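In full-length UniProt numbering, the protein residues as written are 26 to 345.
C-beta atoms are modelled at their ideal positions from N, C-alpha and C, and glycine is treated no differently.
Note that the structure is a prediction, hence the values are computed from the model and not measured.
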Ligand code: CP
């Protein structure tokens with residue numbers, strides 16, 4: 026692959042390869058000298074047409090820790106605001122001869138469109154309701170670490186049940202995670218209010234639930250998602266109070282899950298709506314901050330692996 030556009034395009038061995046490659050960066054990032062020169066002389070453009078805290082900052086830190094020159098383009102300050110089309114913006118970025126472009130866009134398929142117009146690897150940092158592949162990879166890496174800490178191998182999620190709960194209809198995180206977790210062997214349950222449950226969940230091989238207590242019963246992992254009100258158009262949305270009553274992860278509800286069940290959230294969190302603070306901050310159960318930590322390592326692995334050909338190193342399929 027030249028690009029990283031979707032988990033749906035990756036085989037299980039390629040996912041595992043990226044997780045394995047990220048481990049060295051987890052180690053380095055935990056040490057004192059957080060720097061490598063592997064990408065020295067390369068230019069990475071982060072083109073974000075939508076807001077971000079975690080993804081933008083972690084891609085920037087990832088590129089800098091690998092020695093690349095990293096520049097960020099925020100749509101709000103760019104000529105997109107003057108009416109420039111996405112394709113013209115892509116051609117403009119390409120003319121500056123970057124070695125990788127990281128894109129976040131509110132339209133599904135926008136990253137694939139840009140990838141078609143440029144000469145360098147493109148990494149999807151979230152496109153509309155389609156995919157957020159590096160989020161699913163960092164979630165798998167964080168889960169692997171948590172499972173290892175609990176005595177499992179962490180390389181095979183067979184036998185593990187993961188419940189993804191929230192605004193699944195608008196969630197690229199849910200879609201990428203369903204694909205990634207299943208590729209790793211996990212059983213995936215999906216829980217959402219009826220209006221926010223996509224019709225294709227069963228076709229994806231996941232089990233849909235509208236009752237959160239039933240969805241949590243015996244689950245090993247509860248992955249919570251926020252209500253993406255910015256993407257809603259006419260769906261019935263419960264008030265935050267109603268939503269918390271029906272779908273909020275409280276300590277009492279978490280007791281229905283497996284003992285030691287792991288709590289995840291990709292962020293940004295709405296505390297007191299989809300998750301209570303005592304659950305989100307639980308040292309024993311929540312791996313939310315570990316997810317953020319793993320985000321830097323995964324993005325370092327993705328940037329390093331996808332720029333191998335440009336650096337004269339064998340393509341990553343060879344190593345997978
Ligand atoms: N999880 C995630 O994509 O967060 P940001 O929107 O802050 O990048």
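Within the same chain, and ignoring the five residues on either side of residue 298 in sequence, the residues whose Cβ sits closer than 8 Å to its Cβ are 251, 252, 265, 268, 269 and 273. Excluding the 5 residues flanking it on each side, residue 77 has same chain C-beta neighbours closer than 8 Å at 129, 150 and 151, in chain order. If you draw a straight line from the Cα of residue 249 to the Cα of residue 143, it is about 35 Å long. Taking residue 141 as reference, the option from 160, 125, 115 and 276 with the minimal CA-CA separation is 115.
For residue 43, the closest alpha carbon among the candidates 110, 86, 205 and 60 is that of 205. Residue environment: residue 46 is assigned as buried (16 or more neighbouring CB atoms within 10 Å of its CB, all protein chains considered). Secondary structure within the segment 118-178: the alpha helix (DSSP H) runs of 4 or more consecutive residues, fully enclosed, are 135-142 and 158-174 (chain order).
Listed as beta-bridge partners of residue 233 by DSSP are 215. For residue 99, the enclosing beta strand (DSSP E) starts and ends at 94-99. Residue side-chain check: residue 314 keeps its Cβ at 8 Å or more from all non-hydrogen atoms of the ligand CP. Relative to residue 334, the option among 63, 50, 57 and 30 whose CA is nearest is 63. In this structure, residue 35 sits near residue 208, with a CB-CB distance shorter than 9 Å.
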